[in-house]
Amino acid sequence: MYQKSTLISLKNILLITFCLALFSCGKRYDHDDGHAFIKSAREAVQQNDLALAETYLDKASNSNYGFCGNSWAGAKGNITLIQAEILNKKKKHDEALQLLEAMNGCPLGADCNKRDSLKIETLFLKHGKDKVVKAFQSVSTVRKNVNENGFDSYSVYVEELAYTFTFAESFPDYKFDENDRVINPKIDYNNFFSILKAYNFDALLED
Numbered sequence: 007m008y009q010k011s012t013l014i015s016l017k018n019i020l021l022i023t024f025c026l027a028l029f030s031c032g033k034r035y036d037h038d039d040g041h042a043f044i045k046s047a048r049e050a051v052q053q054n055d056l057a058l059a060e061t062y063l064d065k066a067s068n069s070n071y072g073f074c075g076n077s078w079a080g081a082k083g084n085i086t087l088i089q090a091e092i093l094n095k096k097k098k099h100d101e102a103l104q105l106l107e108a109m110n111g112c113p114l115g116a117d118c119n120k121r122d123s124l125k126i127e128t129l130f131l132k133h134g135k136d137k138v139v140k141a142f143q144s145v146s147t148v149r150k151n152v153n154e155n156g157f158d159s160y161s162v163y164v165e166e167l168a169y170t171f172t173f174a175e176s177f178p179d180y181k182f183d184e185n186d187r188v189i190n191p192k193i194d195y196n197n198f199f200s201i202l203k204a205y206n207f208d209a210l211l212e213d
């Protein structure tokens, strides 16, 4: 009788322990928590406290951003950008580029213009700015990648860097005349820099 009672007690203890562990592992933070963690992670990176930044990013990754796909995509995109910055600070530039190449969600709210700028900054860190700028100036062929969801992108192969740079299509930087009429930008879709200037992509590659 004593042995049976002991076994029941042990089973109860194990069950309670399992439930507590399950509850602890399954803890989720809400939308506001997640964005606060992302902000704290970014600040930690600026202070060069990478371990703390990674802790905040783990919490941000386990946060619940609700039912809106845009909210999830935006948060995931920000987390990825910070993770890439951390890898760059660790001088793991190839890993940072791989992470950025895998980042998607542009149609849903991820900031792919920041992603593409960070790709170039990562190439600067890996090869040096002068070499990268010079290498991009020799680009001659631009390929447009048509997406069935309507969010297209462009790709150029930078031979000197042995790297294919893919960047998201964004809204043109429209200009207006004295009568507030839109002056449509003249885009040469066969010219890499013409596309960049028309879409107000980035000034990083200018001399």
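For the sequence shown, my numbering assigns the number 7 to the initial residue and increments by one for each residue that follows. Idealized CB from N, CA, C, for every residue including glycine. No experiment lies behind these values; they were computed from the predicted model shown.
{"Check": "Does the beta-carbon of Ile85 have 16 or more other beta-carbons within 10 angstroms, so that it is buried, or is it exposed?", "Outcome": "buried"}
{"Check": "Taking 7 angstroms as the limit between beta carbons, can you name the residues of its chain near Lys137, skipping five residues before and five after?", "Outcome": "none"}
{"Check": "Report the partner residues of Val148 according to the DSSP bridge assignment.", "Outcome": "Val162"}
{"Check": "With DSSP collapsed to three states, give me the class of Ala174.", "Outcome": "strand"}
{"Check": "Going by DSSP in three states, Tyr35 sits in which element: helix, strand or coil?", "Outcome": "strand"}
{"Check": "So, are the CB atoms of Ser46 and Tyr62 less than 9 angstroms apart?", "Outcome": "yes"}
{"Check": "Under a three-way DSSP split, which group does Tyr169 fall into?", "Outcome": "strand"}
{"Check": "Between the beta-carbon of Phe142 and the beta-carbon of Val164, is there less than 9 angstroms?", "Outcome": "yes"}
{"Check": "Could you tell me which of Lys203, Tyr169, Leu167 and Phe173 sits nearest to Ser159, measuring between CA atoms?", "Outcome": "Phe173"}
{"Check": "Mind checking whether Ala66 and Phe43 have CB atoms under 9 angstroms apart?", "Outcome": "yes"}
{"Check": "Just how far apart, CA to CA, sit Cys31 and Asn68?", "Outcome": "Because Cys31 carries a pLDDT of 48, less than 50, the predicted location of this residue cannot be relied on, and no value is offered for it."}
{"Check": "Using a Cβ-Cβ cut-off of 8 angstroms (strictly less than) and excluding sequence neighbours within five positions of Phe29, which residues of its own chain qualify?", "Outcome": "Note on Phe29: pLDDT 43, under 50, position unreliable in the model; the coordinate value appears next. Counting only Cβ-Cβ distances below 8 angstroms, and skipping sequence neighbours, we find nothing."}
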